[in-house]
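Asks: Okay, here's the structure, questions in a sec.
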Amino acid sequence: MTINNIIEDIKKLEIKMKSNKEFLQENPFAFHTFIELLYYFINNKYPNKKDSYIYKKAHINAKLFSKLRNPQYHPSKKTIIALGLALELSIDEFELLLNSAGYSLALNNQFDIVIIYCIQNKIYNLFLVNEILYEIDL
25 MTINNIIEDI KKLEIKMKSN KEFLQENPFA FHTFIELLYY FINNKYPNKK
75 DSYIYKKAHI NAKLFSKLRN PQYHPSKKTI IALGLALELS IDEFELLLNS
125 AGYSLALNNQ FDIVIIYCIQ NKIYNLFLVN EILYEIDL
């Protein structure tokens, strides 16, 4: 699959998102804090790995990762996306994590559509995701 094929697929992408009500009913973790949810995913996806494995895989530094534990700190959407990709989250898990910090993926935002495409196609390699974003000038 080439970058051009991926770009063409992204242009054709149509996603049916669940209503907020259905989403909240189906996801018991919807009301947890960002850090609780992040560690839930870390512990379930990589139970034998240290935090350093996750933040290195997400290409963020230890200082930023430690800031995430502070309830007063509000991470950027891009930081959360990097962590979600590093954790290889499903689209529903990704939305949960983003929502816990007050963000979401929007179908009217080309950057977000690329991220959705990558998640759906299990493209979790940050270098490849960034290359796709670069190729379409995002």
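Under the numbering used here, the sequence shown has 152 at position 128, and the numbering climbs by one with no breaks.
Just so it is clear, CB atoms sit at the ideal spot from N, CA and C, and this is done for glycine as well.
Taking a contact to mean a Cβ-Cβ separation below 7 Å, would you say I11 touches I139 in this structure?
Replies: Here the chain comprises residues numbered 25 to 162, so residue 11 is not present and cannot be evaluated.
Asks: What's the gap between the Cα of L113 and the Cα of L61?
Replies: About 12 Å.
Asks: Nearest CA to the CA of N133: which residue from S90, F65, I160, L121?
Replies: Checking every option, the nearest Cα to that of N133 belongs to I160.
Asks: Between N68 and I27, what straight-line distance do the alpha-carbon atoms span, to the nearest angstrom?
Replies: N68 and I27: Cα-Cα distance of roughly 32 Å.
Asks: Excluding the 5 residues flanking R93 on each side, which residues of the same chain have their C-beta closer than 7 Å to its C-beta?
Replies: Cβ within range, chain order: I59.
Asks: Beta-carbon separation of A82 and A125 under 7 Å?
Replies: The answer is no: Cβ separation not under 7 Å.
Asks: Is D116 buried or exposed, if buried means 16 or more other CB atoms sit within 10 Å of its CB?
Replies: So D116 ends up on the exposed side.
Asks: Assuming L122 contacts S128 under a Cβ cut-off of 8 Å, what Cβ separation, rounded to an integer in Å, is found between them?
Replies: About 5 Å; that satisfies the 8 Å criterion.
Asks: Check S90 in the structure and name its three-state DSSP category.
Replies: S90 falls in the helix class under three-state DSSP.
Asks: Starting from the C-beta of F33, find all residues in its chain whose C-beta is less than 7 Å away, skip the five residues before and the five after it, and write them out in chain order.
Replies: In the sequence as presented, Phe is not what sits at residue 33; that position holds Asp. Contacts found: Y141.
Asks: Along the chain, where does the alpha helix (DSSP H) containing S124 start, and where does it finish?
Replies: 115-124 is the span of the alpha helix (DSSP H), which, as asked, contains S124.
Asks: Between which two residues does the alpha helix (DSSP H) harbouring T26 extend?
Replies: No alpha helix (DSSP H) holds T26; DSSP gives it neither H nor E.
Asks: Residue range of the alpha helix (DSSP H) that I104 falls in?
Replies: 101-110 is the span of the alpha helix (DSSP H), which, as asked, contains I104.
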